[in-house]
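In what follows, a single structure is set out as structure tokens and then discussed.
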Amino acid sequence: MAVSVDQFILDPREFRLLDGLRLNPRKPAPGRVRGERLTKRKGISIEFADYRDYTEGDDLRHLDWNILARLGIATIKTYQDEEDLAVHLLLDATPSMDFGTPSKFVQARRLGCALAYVAVCGTDAVYPLALGCREEPKRAHRGRSGYRRLAAWAAGVSPEGKAGVAESLRLFASGNARPGLAVILSDGLDPKVTAALRTVAGRGHEIAFVQVLSNEELDPDLEGDLRLVDSEDDAIIEITAHGQTLREYRKRLEKHCTALAVECRRLGGRFLQVRNTDSLPTVMADGFKREGWVTAWTS
Amino acid sequence: MDFVNPGALWWLLPLGGGILLLYLLKMRRKDLKVPATFLWPPFRSEVRANALFQRLRFNWLLVLQLLAILLILFALAYPQVRREGLAGEVTVFVVDTSASMSAVDASGSRFEAAKRFLHQALGNARPGDRVSVIEAGPIPRVVAPLSGDMGKIRAALRDLQATDCEADIGEALRLGAALVGDLESARIVLLSDGAFPEIEDFSPGKAKVVFQRIGVSGENAGIIALGAAETPSGKQVYCGVTNFGTKYVTGTLSLHAGGRLFDSRKVEIPPGETLGVNVAAPRGAKIVEAFLETDDLLAADNYAAAVTDPSASIRVLLVSSGNIFLERALALDPRVTLDRAASLPETERAGSLGQSAYDIVVFDGVAEKRVKARGVLSFGVAGSPSPVTVSGSVKNPLFIDADAEHALMRFVDMRDTYVAESEQASPKPQGVVLAESSAGPLIVAADTDKRQIYVSFKLLESDFPLQVGFPIFIANVLDYLAGEGSADVFSIPTGKPFSVPAPPGVDSARLKTPDGTTLKLEAAGGRFVAHNLLKAGRYELRVGDRKQTLYASLLNERESNVQPVAELRLGGGEVSATSAGFRLADFWRPLLLLALLVLGVEWWVFARRS
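Order-wise, the sequence lines are chains A and B. Using the numbering used here, the letters of the first sequence map in sequence onto residues 4 to 302. Using the numbering used here, the letters of the second sequence map in sequence onto residues 13 to 622.
Structure representation (structure tokens):
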């Protein structure tokens, strides 16, 4: 589906809803350029970090004169550094996302753009990546002006990726992406996705998994003798859809989603399940804000 | 286990094959693309098929359907299992009460053993079973009609008694078939030793015949012949005793005349042999009785009696080209010894040498001739000695009147008799008209040196033989022609009815049986008829002041041969004897219920899956 860049994926009312918010990762991540995120590294922010002995060449502006006067020991005050946050926007573009009305992909793209807008407005660096598609790593997008390019990128992605989600996540983890917040927008319908998440987390990324499922997946209305064809690998399974079959399906789906959520939290990340029909204000209010994914801008 | 309808099992092949074929058919499924297939359970319950073919896979529905069809076909095959007792769903017990059933080789008599079987069967009967009991005696009768009230049937069995007679088993079986022959699951159980001739003209219908053999041994000897004959050396009594067993029989044969012993001798009879004894008859003896004292199975055939007085029997010669009605009517009288001839023998013509061998000569459609016999009865064709003069013939003469007071015409009603053609006769002076038609005399009697009765029409040209009055007329004729010489001593076979004319004004008679019981007989149709001569021995019949003595004897070779048979021949087929008291019980109902249950489970499984 072609989307005009002018539309920016989100409408003005939604932009207003997102203004004043910033991403709230659970842990600090090392930045590449100066930003507004405190890191563990010592820097020049106003946040006091520690004392250390003066060594030749230190900036005398950070010498603690009170200690020198009282004890006669030259001591230097150190401060935490402030750097930018790397936000990896991982949008699932596999064919399984092209289900539902609106499709899960459309919903994932909207939510991804919303989070990306929040990130770029907070001077974070956003690295977009379409899972399932083999594409070159994109340069970071920063600032409000960067969102325009992000929206253009998102509009150009379609759910026609050949690779699976798990495979794409492993590929991402094996790349040179700097550790940061990995925002994954996917349906997670891959039996190996939890293992792939462990790989991603192992590379120092904080997982923020937004699982988008359609109403038809959560409550399928199938009947009769069917031959189900997997949208990604064309695997075939023959079933007779009746009460028992649907009960077993729901049970399996719930088990899979629960395992996914538990794995995300175990890895120190976040997990949120949304439906394809949920509106952005609803997701922001009942999901991102309530779960602490985003916070209001205070500084 | 037996099957009444085993052919139904063949349906298992096409029906079972059909069900399997349906499961071999492949389902053409609708393709549907889904995000992921790994979440879907591979549950398949194919109930429809629209393509060929697939590998047969295990399916509980298939198993249940095959089981249900198997059960239904087994039920249709009408399986039967052996159960203790003889009663079944609908059962008619035919109890042989013939003389041979009195043989004592089965812890008591065979008849008692049969009754024990019967009681046991009634005790084993299930609720809903219906049972009937038929007595197969000389005159078969339904002792207990088809009923489920076993107490009532047991009560009715008390009247069941063994006889010393030959039984009409065929008629009893036909009676049973008439009762239950149209019922699919019915059985006719014959409790008998099988000592009776082959029964033809019998079909059990839908019922099944079970032969419960009773008795084990054939060790018996019996008197099979007793009589007297005139010989050049005087009247001789002959007696025949046969050993039907496989061992030598020793005993004492005693002969009595008029109640007095006149001969007694030890006898030893080899197996299968007949011993003949000839003894000179005592002078003036009217009745001879034979007693065989030996240790054998049947007592009834160890006694026999025969009349030796010629006046005690009526020897009748029937000159006819064949008339079954007349023969039967004449044979009804136990005194009658009937011979048949197409024409009058020369030795019987008047004027020939010697005495007449007959008391009465009956001309049936043959011109009457002069005979030596003292009585003549002629039908349809008068001869020169007839008491009428014939002037021609007349068609359809109408009955006008009869002399109901005459001994010949008592209780004979000819008002509805149709006569197609009769002779137009006029009586001679000695002739007395007893019945008259519009064309002249119908029946004329004359009593001169001999007694003559002339009937102006041929029997077969009228419906007189079919009228109720015909056998009465013949009985009257025999009494009239035999004259006053008719004796008061009779020898008859056991089980045969005996009748005597009822004198005017006498309504009842008394019959004293061999065991001392006195029975009262009521007159019917001008005669006293005794049906109760079921035991061998001496009976006394008192009619008014007159006393008549009846000697009933078995004298039956078939009944004396008490060897039980293994197989019966009934209506052209063979029925094997059962070795033990069992019944074939149906169990198609439980099978059908089980089939319904399986179908119910099958429906439940199907509904649960869908």
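Where is the CB? At the ideal position from N, CA and C, for every residue including glycine.
Next item on the list: Reducing DSSP to helix, strand and coil, say where C136 of chain A ends up.
Entry: coil
Next item on the list: With 7 Å as the threshold, decide whether the Cβ of A238 of chain A is near any Cβ in chain B.
Entry: yes
Checklist line | 6 Å CB neighbourhood of V192 of chain B in its chain, flanking five on each side removed | finding: V102, V104, A198 and A219
Next item on the list: Give, in chain order, every residue of the segment 238 to 252 of chain A whose Cβ lies closer than 8 Å to some Cβ of chain B.
Entry: A238, I239, I240, E241, I242, T243, H245, G246, Q247, T248, E251 and Y252
Next item on the list: May I ask you to verify whether the segment 381 to 391 of chain B touches the segment 501 to 508 of chain B, counting CB pairs closer than 8 Å and requiring at least 3?
Entry: no
Notebook entry, point to check: Is the distance from the Cβ of L546 of chain B to the Cβ of C177 of chain B below 7 Å?
Noted result: yes
Next item on the list: State the Cα-Cα distance for the pair V610 of chain B and L74 of chain B, rounded to the nearest angstrom.
Entry: L74 of chain B has its alpha-carbon roughly 12 Å from the corresponding atom of V610 of chain B.
Note to self: If you measure between the beta carbons of R206 of chain A and A176 of chain A, is that distance less than 7 Å?
What the structure shows: The Cβ-Cβ distance between R206 of chain A and A176 of chain A falls below 7 Å.
Notebook entry, point to check: In chain order, what residues of the same chain lie with their CB nearer than 7 Å to the CB of G239 of chain B, ignoring the 5 residues before and after it?
Noted result: Y250 and A318
Checklist line | Integer Cβ distance of I226 of chain B from R122 of chain B, believed to fall under 8 Å | finding: 5 Å
Next item on the list: Take the Cβ of A5 of chain A as the centre, count every other Cβ of all protein chains shown within 10 Å, and call the residue buried at 16 or more, exposed below.
Entry: The pLDDT assigned to A5 of chain A is 45, lower than 50, so where the model puts this residue is not dependable, and the model offers no usable value.
Notebook entry, point to check: Just by C-beta distance, which residues in the segment 274 to 295 of chain A are closer than 9 Å to chain B?
Noted result: none
Notebook entry, point to check: Between which two residues does the alpha helix (DSSP H) containing E124 of chain B stretch?
Noted result: R122 to N136
Checklist line | Continuous alpha helix (DSSP H) stretch holding I336 of chain B: start and end | finding: I336 to A343 is the extent of the alpha helix (DSSP H) around I336 of chain B.
Next item on the list: List the residues of chain B that G23 of chain A touches, going by C-beta distances under 8 Å, in chain order.
Entry: The premise fails here: G23 of chain A is roughly 36 Å from chain B at the closest Cβ pair, so nothing lies under 8 Å.
Item checked: Alpha carbon of G140 of chain B to alpha carbon of D500 of chain B, nearest angstrom -> 55 Å
Next item on the list: Determine, using beta carbons only, whether T126 of chain A and D87 of chain A come nearer to each other than 7 Å.
Entry: Yes, they are a contact pair.
Checklist line | Short Cβ contact (7 Å threshold) for E235 of chain A with S148 of chain A | finding: no
Margin query: According to DSSP, is D14 of chain A part of a helix, a strand, or is it coil?
Written below: coil
Checklist line | Residue closest to G23 of chain A, alpha-carbon to alpha-carbon, out of A:Y252, A:A117 and A:C124 | finding: A:C124
Check: Could you give the residue range of the beta strand (DSSP E) that holds E147 of chain B?
Finding: R142 to A148 is the span of the beta strand (DSSP E), which, as asked, contains E147 of chain B.
Notebook entry, point to check: Does S319 of chain A get closer than 7 Å to chain B when you measure Cβ to Cβ?
Noted result: Since the first and last residues shown for chain A are 4 and 302, residue 319 of chain A lies out of range.
Check: If you follow the beta strand (DSSP E) that N626 of chain B is part of, which residue opens it and which one closes it?
Finding: The structure shown has nothing for residue 626 of chain B, since chain B only spans 13 to 622.
Margin query: Counting only beta-carbon separations shorter than 7 Å, does L44 of chain B have a partner in chain A?
Written below: Residue-level contact check: L44 of chain B touches chain A, since one or more beta carbons of chain A fall below 7 Å from its beta carbon.
Item checked: One or two residues paired with N279 of chain A in a DSSP bridge -> Per DSSP, none; premise fails for N279 of chain A.
Notebook entry, point to check: Run through DSSP, which three-state label would K254 of chain A get?
Noted result: Reduced to three states, the DSSP call for K254 of chain A is helix.
Item checked: Contact check, P409 of chain B vs A451 of chain B, beta carbons under 7 Å -> Yes. Within cutoff.
Notebook entry, point to check: Looking at C-alpha atoms only, which residue of A:R250, A:Y54, A:Q276 and A:V196 is the closest neighbour of F55 of chain B?
Noted result: A:R250
Checklist line | C-alpha gap between G497 of chain B and G296 of chain B, whole angstroms | finding: Reliability fails at G497 of chain B, whose pLDDT of 47 lies under 50, so the model's placement of it is uncertain and no value is given.
Item checked: Selection from B:G537, B:A521, B:F485 and B:I281 that minimises the alpha carbon distance to T530 of chain B -> B:A521
Margin query: Which runs of the alpha helix (DSSP H) at least 4 residues long sit entirely within the segment 134 to 221 of chain B? Give them in chain order.
Written below: 162 to 169 and 181 to 192
Margin query: Using only the alpha-carbon positions, how far apart do E210 of chain B and L582 of chain B sit?
Written below: 6 Å
Next item on the list: Using only alpha-carbon positions, find the residue among B:D205, B:L82, B:T49 and B:I299 that is nearest to P576 of chain B.
Entry: B:D205
Notebook entry, point to check: Just checking my contact of V261 of chain B with T306 of chain B at CB under 8 Å: how many whole Å lie between their CB atoms?
Noted result: Contact flag correct, Cβ pair sits at about 6 Å.
Item checked: Q436 of chain B (DSSP reduced to helix, strand or coil) -> strand
Notebook entry, point to check: For D180 of chain B versus G217 of chain B, is the C-beta spacing smaller than 7 Å?
Noted result: no
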